[in-house]
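Protein chains in written order, with this note's numbering: chain F, 1 to 86; chain E, 87 to 172; chain X, 173 to 258; chain R, 259 to 635; chain B, 636 to 1012; chain L, 1013 to 1389.
Working notes for the structure below.
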Amino acid sequence: MENNIGAVLLEAANLLVVGMGVVFVFLGILIFLMKLMSKIVGGDAPVPAAPVNTNRGGRKVSSASQDHKVKAAISAAIHQYRQDNK
Amino acid sequence: MENNIGAVLLEAANLLVVGMGVVFVFLGILIFLMKLMSKIVGGDAPVPAAPVNTNRGGRKVSSASQDHKVKAAISAAIHQYRQDNK
Amino acid sequence: MENNIGAVLLEAANLLVVGMGVVFVFLGILIFLMKLMSKIVGGDAPVPAAPVNTNRGGRKVSSASQDHKVKAAISAAIHQYRQDNK
Amino acid sequence: MDGLATLWASTGIANFHWQQLIMIAVGFGLLYLAISKKFEPLLLLPIGFGAILTNIPVAGFSAEGGLLYYVYHVGIDTGIFPLLIFMGVGAMTDFGALIANPKMLLLGAAAQTGIFATLFGAILLNFVPGFDFTLADASAIAIIGGADGPTAIFLASRLAPDLLGAIAVAAYSYMALVPIIQPPIMKALTSEADRKIVMEQLRPVSAKEKMIFPLMVLGITILFLPEATPLVGMFCLGNLMRECGAVDRLSKTAQNELINIVTIFLGLAVGSKLSADKFLTVETLGILALGAVAFGIGTACGVLMAKLMSKMTGGKINPLIGAAGVSAVPMAARVVNKVGLESNPHNFLLMHAMGPNVAGVLGSAVAAGILLALVGG
Amino acid sequence: MDGLATLWASTGIANFHWQQLIMIAVGFGLLYLAISKKFEPLLLLPIGFGAILTNIPVAGFSAEGGLLYYVYHVGIDTGIFPLLIFMGVGAMTDFGALIANPKMLLLGAAAQTGIFATLFGAILLNFVPGFDFTLADASAIAIIGGADGPTAIFLASRLAPDLLGAIAVAAYSYMALVPIIQPPIMKALTSEADRKIVMEQLRPVSAKEKMIFPLMVLGITILFLPEATPLVGMFCLGNLMRECGAVDRLSKTAQNELINIVTIFLGLAVGSKLSADKFLTVETLGILALGAVAFGIGTACGVLMAKLMSKMTGGKINPLIGAAGVSAVPMAARVVNKVGLESNPHNFLLMHAMGPNVAGVLGSAVAAGILLALVGG
Amino acid sequence: MDGLATLWASTGIANFHWQQLIMIAVGFGLLYLAISKKFEPLLLLPIGFGAILTNIPVAGFSAEGGLLYYVYHVGIDTGIFPLLIFMGVGAMTDFGALIANPKMLLLGAAAQTGIFATLFGAILLNFVPGFDFTLADASAIAIIGGADGPTAIFLASRLAPDLLGAIAVAAYSYMALVPIIQPPIMKALTSEADRKIVMEQLRPVSAKEKMIFPLMVLGITILFLPEATPLVGMFCLGNLMRECGAVDRLSKTAQNELINIVTIFLGLAVGSKLSADKFLTVETLGILALGAVAFGIGTACGVLMAKLMSKMTGGKINPLIGAAGVSAVPMAARVVNKVGLESNPHNFLLMHAMGPNVAGVLGSAVAAGILLALVGG
Ligand code: NA
Ligand code: NA
Ligand code: NA
């Protein structure tokens, strides 16, 4: 039976190496793509909010309301947090 | 058939007695336990709110001050984050 | 096969006529009933809002005042209860 | 134009049985009670609507594959809907008034006499030709006296599914009729002096007591009456979520959106049991009569027990509050308050009546457990 | 390292069929329309996402045991999801404008010509090689002209489940395209003078009328078209909950949390029907073409009927409001208002167009019932 | 009075096995942790309650036809509940901090070492008599190191349903213990100077980037790891609903009512797996030990990777934030912030730690996909 464990151990070691390798490769590709995306959609610009807003011009107001929503979400989260930590 | 009803009637009478008996016993035990609980957790004390509050107070205050720090950190971070995302 | 399509076409034409006919009859009946209803429940009166309001007003006020009393009793009791449980 | 003929053959007019028409009228009657008379509208409106839908010819709402077929089998056959309602009710119930005065449980116990006496009465009714209630039927009918809708539906779905429609309708109707049924009984059994008794203020109850209470109830139910744990357990889960202070978002959802969603479906599913062959029987009349008897006996026993306790405590208890022991939360407690005010306009009994009122909920869940243990399965 | 080989063998890259790639692209396209073009985003976003998920190789979302498999079978196969949506829509709909002016129902009736004419057209398309629509297929396709998403999904799930994905996508897309499809037709069929007609203010409608209305609609549907009662019945239940004033908490839940939850699942389940073998066919092109035709005919017939009624009433009706008869609530009414304002900047037709608009919902539910009665079953 | 005998025979007292008593005590223990110690109360309270209910004799909660039987089979056997939770969590997650600094993904990757090392450890444990973990068991146990509740439940329900109860309890307990487990490891592996490092402010992130991000994650998961798409896909759906700005009402429902409802049922269903025969085994002790090891290794590897990155960037990264890579959102990030403040009271690391923190969620979903692809089915 110990021999059997040995075989499974080998498989587990294999999983350890392959698994961590794939995790790193996968998230590494994601890093690359995220940087690419940021360059393309303009998120990296020195005053990044400006071009985006210009780009979306008509929708400026809506993005402001979006901000508002984000804030609402944050304050909701804080509210929840406070209640949890009472 | 009436004989049959007679048998069922007897069973029903049995149910009436046993049922009401068990209801009273069950809720009676509950009364006993509730009084016990009130004594143990201090709800029956002459100024009952006080010991309870003290009891929980210690925890409340410390956790409150802890909370306060965390909240300060969070709100600082959020403040910074909001300014960045304007 | 085209012969077959022909038969189905005929059926479709039948559906077109019967379907539209029934839709008009159905909604026509509904028009008739709606007018009838408006006359009965008083919605068509020259100053239509008034009688309706009066009609319901009587009920509303009486039930409101009744409600009011109950609410007063409840809130008094709750107030007392809250103070007790502070 | 044979389309027209086909269409005519599929109209309701061409397919109605007169029984279906009567049941649809019953459905509209329930809608009337729900909307105009405000008879427990949250349940009776969907029940009435379900009764209409299930009796529509051709449409097949309750046939296999129909909407109400699914809703009934998923929610009531399994017992899930009434249990979720019970969880929500638990999350809405404040046991403070009962914890402050545990003796009130005796009133909640006494009022259950309505259940067990009616069970006996239902079997007695078998002497009348046309009635043939089994002990299981009688138990399911008797639970109407518990004045608790989900408990009645749960027990009926277990013991007498065929009578479920009539039992649920009777239970909710009489719960709505509490302001009419109870006052005469209360006045008949108490003196003016009794009704004027002012009760002393309730002691404050700590958050910790409120939190431990549902666990204690669960504990002794596990020990002594495990058959009642589906009902009592879900009720205690809701109440624990409410009182523990750690899961407010779950508690809020349980007593709002979740209970609302389940209420709509539960009502429709109960309504789907109001089919002509199950409802238009002499047994339904028997159920309605027995239900009224059950309410009356429950109320009377509650008041009498309160009168006894009043005597034994030297007049510290107003006997009226015994009537609230049937449950029907919070209607019964409000009726007590109103009748009390008639005798003494400065005597607010509402909070005092809330104790027996919530005790009645526990009492009828316990009674249901006893019936399941002795009659069911 | 045979783990790496196994892993490679399970990647999407190693398992893709090109058709799946195309369908995933279609899914992303729907997301684009939903998010950037605001094409009925509440439905098209989950539909698009479902289309992506169902076409992922290896993952098996729509295989037995997969998430979308369960959601589809529980919610659409049974018809439950579209009916719940309909209940929610009923709880959101105000029939006041229609009750004030019942004749508007004729516009809602006229616009259904789009449905029945398209049915005929779908069969005609069988002369083109590659098309082979049965009468059931044609009926399910034609209902796109009803401009009502849940009705289209419900009917398609009953008559032509294989076409459901394409039909639902077409229905919601064209509903979103109403502002582009309708104005040219409206302008072509009306004169500048027609469009300038100012309509007189609607009479006030009492709460009682609004409450009786859904019951009346339910009543005549039961009598004349029971096949339509699943759709009409659930719609009326929602509307009754809204208007009766006794069950506000149920009404609020039906038009918010419940409809939101069901919308997410309904969308995903519809998306799961966008598999390559069902969607990448010439029939889909036919469905898209027929859907556009249906919308066009419906709009035109609504406007023409309104023009006729305008003539007969001596010019008291602005023919533009006929376009709103297709339903697509409230988009079509808004389009009417906008086109009206172009001709007369002080002429607000919105409330007048709401009458035919909600009439169109009833009209297409009635049409669906007729199709079920004559073609289904 | 044979009723009394029957009733006695059905009491809990007469039917208890001592193992059930112990498991009920375990359930009360979980309630205590949830309520008094605030250990992930939203999940541990319903889990604890479910554990109590499932071990009640006679009541049959988890027997066929019992409440928990249905909830488990509908929600966990199918995988639906954890996936819906994941959708809700996606709708609650703000990836802004990660998008601003994509390299943080490396920390989320490094922390997954805890998972794969523990898998190895679980197999090693087979040398100890009494343990006999298969590779599937070991994988399900190892995912505890992912510090993500729904991922752990999903994977366990796929690979080792018998261990699900113990794994879920361990996962949520350790997530709650993060403030106790992580700081000593973080301090042991970093110098005071390391911990004082102030990181530069994150760049602002546009709404468009946030909206594209979930689609991009979905895209590469489809290409490289379709086995992970149930988890990642539902997560991305939730996040897309949140960020796209077109379906706010769906997003709001997904992150409130829907997730709350599912949380109650998920907890109860997980609790129903805490039966004596599954939980009172030496394997449970092994699972608890391995879980702690997994957390420790994950934390350590995250910190070490952060230290490496700090060296390589010339000290621009505070190594503490590596600890947040295990996920346990947002607890781990808060712990990082707190430990950071101890060394430098003006150094707020919270937002910087949110990057690795949400990266850890993706990392463990990816790891789960790998395990499903290599060990599962
Ligand atoms: Na009761
Ligand atoms: Na329509
Ligand atoms: Na993780």
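Each residue gets a CB set at the ideal place from its N, CA and C atoms; glycine is no exception.
{"query": "Output needed in chain order: residues of the stretch 740 to 759 of chain B with a Cβ under 9 angstroms from some Cβ in chain X.", "result": "LEU740, LEU741, GLY743, ALA744, ALA745, GLN747, THR748, ILE750, PHE751, ALA752, LEU754, PHE755, GLY756, ALA757, ILE758 and LEU759"}
{"query": "Starting from GLY989 (chain B) and walking both ways along the alpha helix (DSSP H), at which residues does that stretch end?", "result": "Reading off the sequence shown, one finds Met at residue 989 (chain B), where the question assumed Gly. First-last of the alpha helix (DSSP H) with MET989 (chain B): 985 to 1009."}
{"query": "What is the DSSP secondary structure of LYS574 (chain R), counted as helix, strand or coil?", "result": "coil"}
{"query": "Quick one: is VAL189 (chain X) buried, meaning 16 or more other Cβ sit within 10 Å of its Cβ, or exposed?", "result": "exposed"}
{"query": "Which chain F residues sit within Cβ distance under 8 angstroms of GLU1221 (chain L)?", "result": "MET37, SER38, VAL41 and GLY43"}
{"query": "Taking 8 angstroms as the CB-CB limit, is PRO48 (chain F) close to chain L?", "result": "Annotation note: pLDDT 39 at PRO48 (chain F) (below 50); position unreliable, coordinate value reported separately. Closer than 8 angstroms to some Cβ of chain L, the Cβ of PRO48 (chain F) qualifies, so yes."}
{"query": "Please state if the CB of LEU95 (chain E) and the CB of ILE381 (chain R) are separated by a distance shorter than 8 angstroms.", "result": "yes"}
{"query": "For ALA746 (chain B) and VAL961 (chain B), which I take to be in contact (beta-carbon distance under 8 angstroms), what is that distance rounded to the nearest angstrom?", "result": "5 angstroms"}
{"query": "Between GLU485 (chain R) and the rest of its own chain, which residues show a CB-CB distance below 7 angstroms, the 5 nearest in sequence each way excluded?", "result": "GLY627, LEU630 and ALA631"}
{"query": "Residues around ligand 5, please: the condition is that the C-beta lies closer than 6 angstroms to some non-hydrogen atom of it.", "result": "This structure lacks ligand 5; its bound ligands are ligand 1, ligand 2 and ligand 3."}
{"query": "Between TYR1186 (chain L) and ALA1304 (chain L), how many whole angstroms is the CB-CB distance? I'm expecting something under 8 angstroms.", "result": "7 angstroms"}
{"query": "Taking the Cβ atom as the reference point for each residue, do LEU508 (chain R) and ILE1156 (chain L) lie within a distance shorter than 8 angstroms?", "result": "no"}
{"query": "Would you list, in sequence order, the uninterrupted alpha helix (DSSP H) runs of no fewer than 4 residues that lie entirely inside the stretch 727 to 766 of chain B?", "result": "731 to 735, 739 to 745 and 748 to 759"}
{"query": "Does chain R have any CB closer than 8 angstroms to the CB of ALA1304 (chain L)?", "result": "no"}
{"query": "Label ALA1266 (chain L) either buried or exposed according to how many other C-beta atoms from any shown protein chain fall within 10 Å of its C-beta, with 16 as the threshold for buried.", "result": "buried"}
{"query": "Any idea if ASP883 (chain B) is buried or exposed, counting beta-carbon neighbours within 10 angstroms, 16 or more meaning buried?", "result": "exposed"}
{"query": "Since ALA534 (chain R) and ILE293 (chain R) are thought to touch, with beta carbons under 8 angstroms apart, how far apart are those beta carbons, to the nearest angstrom?", "result": "That pair is no contact at about 24 angstroms."}
{"query": "From what residue to what residue does the alpha helix (DSSP H) around GLY525 (chain R) run?", "result": "515 to 529"}
{"query": "With DSSP as the reference, label VAL505 (chain R) as helix, strand or coil.", "result": "coil"}
{"query": "Which residues mark the beginning and the end of the alpha helix (DSSP H) in which PRO785 (chain B) is found?", "result": "784 to 794"}
{"query": "Which class does GLY701 (chain B) belong to by DSSP, given the choice of helix, strand or coil?", "result": "coil"}
{"query": "Measuring CB to CB, does VAL1341 (chain L) end up less than 8 angstroms from VAL1294 (chain L)?", "result": "no"}
{"query": "First and last residue of the alpha helix (DSSP H) that includes MET457 (chain R)?", "result": "Counting along the chain, MET457 (chain R) falls outside any alpha helix (DSSP H), and DSSP gives it neither H nor E."}
{"query": "I'd like the span of the alpha helix (DSSP H) that includes VAL1175 (chain L), first residue to last.", "result": "Contrary to the premise, residue 1175 (chain L) reads as Leu rather than Val in this sequence. Careful: LEU1175 (chain L) lies outside any alpha helix (DSSP H) and carries neither H nor E."}
{"query": "Consult DSSP for LEU1286 (chain L) and reduce its assignment to one of helix, strand or coil.", "result": "coil"}
{"query": "Between ALA1150 (chain L) and THR1125 (chain L), what straight-line distance do the alpha-carbon atoms span, to the nearest angstrom?", "result": "14 angstroms"}
{"query": "Would ALA428 (chain R) pass as a contact of LEU422 (chain R) if the rule is Cβ separation under 8 angstroms?", "result": "no"}
{"query": "On the premise that MET609 (chain R) lies in contact with ALA355 (chain R), defined as a C-beta separation below 8 angstroms, what is that separation, rounded to the nearest angstrom?", "result": "5 angstroms"}
{"query": "In the stretch 103 to 116 of chain E, which residues sit with their C-beta less than 9 angstroms from some C-beta in chain L, listed in chain order?", "result": "VAL103, VAL104, GLY105, GLY107 and VAL108"}
{"query": "With respect to the alpha helix (DSSP H) encompassing THR689 (chain B), which residues constitute its N-terminal and C-terminal limits?", "result": "676 to 689"}
{"query": "By the 8 angstroms beta-carbon criterion, what residues does the stretch 259 to 286 of chain R contribute toward chain B?", "result": "GLY261, THR264, LEU265, SER268, THR269, GLY270, ILE271, ASN273, ILE282 and PHE286"}
{"query": "Using a threshold of 8 angstroms, state whether the C-beta atoms of ILE1329 (chain L) and MET1211 (chain L) are closer than that.", "result": "yes"}
{"query": "Note down the Cα distance separating ALA244 (chain X) from VAL463 (chain R), rounded to an integer number of angstroms.", "result": "Note that ALA244 (chain X) scores a pLDDT of 48, beneath 50, so its modelled location is shaky; the value from the coordinates is reported in the next line. Those two C-alpha atoms are separated by around 24 angstroms."}
{"query": "By the criterion of Cβ-Cβ separation under 8 angstroms, what are the contact partners of ARG507 (chain R) in chain L?", "result": "LEU1054, ASN1268 and ASN1272"}
{"query": "Taking all protein chains shown into account, do 16 or more other C-beta atoms lie within 10 angstroms of the C-beta of HIS1322 (chain L), making it buried, or fewer, making it exposed?", "result": "Correcting the residue type first, residue 1322 (chain L) is Ser in the shown sequence and not His. So SER1322 (chain L) ends up on the buried side."}
{"query": "Exposed or buried, which one is LEU920 (chain B) when buried takes at least 16 other CB atoms within 10 Å?", "result": "exposed"}
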